[in-house]
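Peer 1: Numbering-wise (numbering that gives the first Met the number 0), the sequence shown opens with residue 0 and increments by one.
Beta carbons: idealized from backbone N, C-alpha and C, even for Gly.
Note that the structure is predicted; figures quoted are calculated from it, not measured.
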Amino acid sequence: MENLNSASAQKNIDTPEKKLSFKDRLKKVKTTRWIRFAIVLAIYLAWVAWMGQWWLAVFAFLLFDIYITGYIPFTWWKKSKNGAVRSVMSWVDAIVYALVLVYFVFAFVGQNYQIPSSSLEKTLLTGDYLWVNKMVYGPRVPMTPVHFPLVHNNLFGFKSYLDSPSVSYKRLKGLRNVEEGDIVVFNFPAGDTVAAKYEDSPMYWDLLVQQYGRDYIANNPAQFGEIIYRPVDRRQNFVKRCVALPGDNFKIVNDTIYVNGEPREFPENVQFNYVFSTSRPLTDADFKELDITVSDVYQYAPGSQSRTNLQPFLPGAAAANYAYMAPLTAGMIETMKSNGILTDYVKFNALAPIFFGSEANAMVFPFGSDADWTLSNYGGENGLLIPAKGTTVPLTADNWKIYQRCIRNYENHPEAYWNEREQQAYINGKPASDYTFAMDYYWMMGDNRDNSQDSRFWGFVPEDHIVGTPMIVLASFDPSRNLFDGKIRFNRILRSANPDKQ
């Protein structure tokens with residue numbers, strides 16, 4: 000009997016999988032594999048329900064085959080007699096599995112981002128690595144679904160995504176909406192068109208066009224590179240603080256933000272650029288103690304022409320004192336005062352119009368406006384309306400300058416224009432006296448107010464550009480220091496990325 004049973008077992012082993020009946024395949028499945036399948040199926044069906052696309056449930060049959068029946072030979076390489084094939088394909092299998100998992104985590108759960116600039120100092124620092132939660136506001140369904148998951152828009156000098164197929168904007172249900180004071184990661188709205196050689200510079204497309212003109216840029220590809228259109232989710236990632244919500248009235252008066260007529264307190268670590276003088280030259284140890292970013296400091300030596308020109312604005316400082324321009328918090332100023340170093344100081348924005356005239360705020364949004372808006376006094380007496388979905392605004396000459404990018408670029412009316420002679424807007428070829436917005440918009444600013452390229456320069460952030468909100472600082476590296484001189488900021492690891500919201 001033992002011999003007969005052994006022969007029968009050997010026959011079952013030698014029987015090719017494709018000849019097994021459906022019932023026999025089910026009998027061969029171990030209990031642990033059924034459990035794994037049940038877990039994966041539950042996660043998949045929960046994702047389908049979240050997406051609200053029940054037709055995707057049909058792919059559950061593919062999961063059933065992968066885990067249970069095995070009609071499709073996904074693991075054919077495991078039975079290969081060639082050891083090299085088995086070894087190589089085991090790596091390929093693991094990498095593909097990992098990439099698929101990373102794709103879904105990055106697209107629907109969260110992702111790590113690096114802070115590349117000082118626009119949010121001292122809340123977030125250059126060199127911070129953040130975990131950004133996409134589930135808080137609800138993740139966007141990927142608009143360019145075919146992309147390599149570990150890079151943003153470039154891979155070895157080529158696009159890391161395919162323009163087609165593309166998916167219309169859809170946001171899944173989140174925990175809450177964006178709130179005033181949130182730090183938000185979003186795709187740069189003015190980054191829809193880019194000159195390849197300037198994509199990582201502060202000179203975005205609208206500024207290049209204003210400075211050089213479209214024809215000059217088009218005729219000089221060696222200088223500007225290829226002109227590229229980026230889909231919404233492939234535009235550069237920015238991180239700023241949301242200071243006004245859809246439907247709000249926003250303005251700035253002497254650096255204080257007013258929302259719907261009510262003043263807002265400054266974030267704890269807000270910075271402004273100051274010109275200040277000290278009783279002695281500042282050392283690297285001073286910069287480290289004060290936590291001043293060295294790359295943001297400009298020095299005026301005693302006796303220099305610039306120092307002489309500044310003297311009337313620093314009456315408390317001796318001519319022999321060194322002077323500096325740098326972003327400072329209120330705490331930094333108090334520390335220098337208590338140390339007896341600070342002799343006098345003045346906000347740079349108070350001096351800019353004196354030294355630079357009308358050009359000091361030439362780049363303030365909206366371009367070409369006759370309004371006398373500055374970085375410190377913005378929005379005029381009546382303030383600026385932040386568009387909300389369903390809000391209707393009259394289309395006047397002034398309003399057109401403010402809202403034209405929303406209408407043309409973000410809400411897909413590229414042929415809309417303003418007829419100066421008729422003093423009339425045209426949308427879809429027809430005259431329009433008003434416009435009703437299809438999306439919500441937000442106003443974003445950096446805490447490092449005078450060193451932040453934010454909404455004061457390029458305007459509104461549409462809802463479809465919102466990525467998520469940073470939750471924690473995973474790691475932090477000071478780019479201005481070496482490994483043995485405080486490069487790793489241990490005190491920032493695993494701390495909150497938005498302490499002002501706690």
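Taking 7 angstroms as the limit between beta carbons, can you name the residues of its chain near Val-108, skipping five residues before and five after?
Peer 2: Lys-133 and Met-134
Peer 1: Out of Asp-191, Arg-233, Gln-304 and Ala-195, which has the shortest C-alpha to C-alpha gap to Ala-221?
Peer 2: Ala-195
Peer 1: Identify the continuous alpha helix (DSSP H) that holds Ala-329 and give its terminal residues.
Peer 2: 329-337
Peer 1: Could you give the DSSP three-state label for Ile-226: helix, strand or coil?
Peer 2: strand
Peer 1: Is Ala-510 helix, strand or coil by DSSP?
Peer 2: Because the chain spans 0 through 501 in this model, residue 510 falls outside it and cannot be assessed.
Peer 1: Would Val-104 be called buried (16 or more neighbouring beta carbons within 10 Å of its own) or exposed?
Peer 2: exposed
Peer 1: Assuming contact is defined by CB atoms lying nearer than 8 angstroms, are Ile-353 and Tyr-440 in contact in what I supplied?
Peer 2: no
Peer 1: Runs of 4 residues minimum, wholly inside the segment 156-220: which ones carry the alpha helix (DSSP H) assignment?
Peer 2: 204-211 and 213-217
Peer 1: Less than 8 angstroms separating the beta-carbons of Tyr-102 and Lys-250?
Peer 2: Taking the C-beta atoms as reference points, Lys-250 is found no nearer than 8 angstroms to Tyr-102.
Peer 1: So, at 7 angstroms on beta carbons, what are the nonlocal neighbours of Tyr-70 in its own chain, with the 5 sequence-adjacent residues on each side left out?
Peer 2: Asp-64
Peer 1: Grab the span of the beta strand (DSSP E) containing Met-444 for me, first residue to last.
Peer 2: 440-444
Peer 1: Looking at the secondary structure, which residues open and close the beta strand (DSSP E) in which Asp-433 lies?
Peer 2: 433-435
Peer 1: Is the CB-CB distance between Met-443 and Leu-206 below 8 angstroms?
Peer 2: no
Peer 1: Thinking Ser-231 and Asn-186 are a contact (beta carbons under 8 angstroms), I'd like their distance in whole angstroms, please.
Peer 2: Looking at the sequence provided, one finds Val at residue 231 rather than Ser. 6 angstroms between Cβ atoms; contact.
Peer 1: Tell me the residue span of the alpha helix (DSSP H) that contains Ala-396.
Peer 2: 396-404
Peer 1: Are the beta-carbon atoms belonging to His-146 and Asn-236 less than 8 angstroms from one another?
Peer 2: no
Peer 1: Report all residues from its chain with a CB closer than 6 angstroms to the CB of Ile-426; omit the five preceding and five following residues, and keep chain order.
Peer 2: So the list reads His-412 and Ala-415, once near-sequence residues are dropped.
Peer 1: Starting from Lys-486, trace the beta strand (DSSP E) both ways and give me its first and last residue.
Peer 2: Here Lys-486 belongs to no beta strand (DSSP E), and DSSP marks it neither H nor E.
Peer 1: Return the residue from the list Arg-233, Gln-210 and Arg-234 that minimises the CA-CA distance to Phe-223.
Peer 2: Gln-210
Peer 1: Just the Cα atoms here: how many angstroms apart are Arg-229 and Pro-164?
Peer 2: 14 angstroms
Peer 1: Could you pull the start and end residues of the alpha helix (DSSP H) that Arg-240 belongs to?
Peer 2: Not the alpha helix (DSSP H): Arg-240 falls in the beta strand (DSSP E), residues 236-243.
Peer 1: Smallest Cα separation from Arg-404: which of Asp-191, Arg-306 and Ser-117?
Peer 2: Asp-191
Peer 1: Rounded to a whole number of angstroms, what is the C-alpha to C-alpha distance between Val-166 and Ala-387?
Peer 2: 23 angstroms
Peer 1: Verify whether the separation of the beta carbon atoms of Ala-496 and Leu-123 is less than 8 angstroms.
Peer 2: yes
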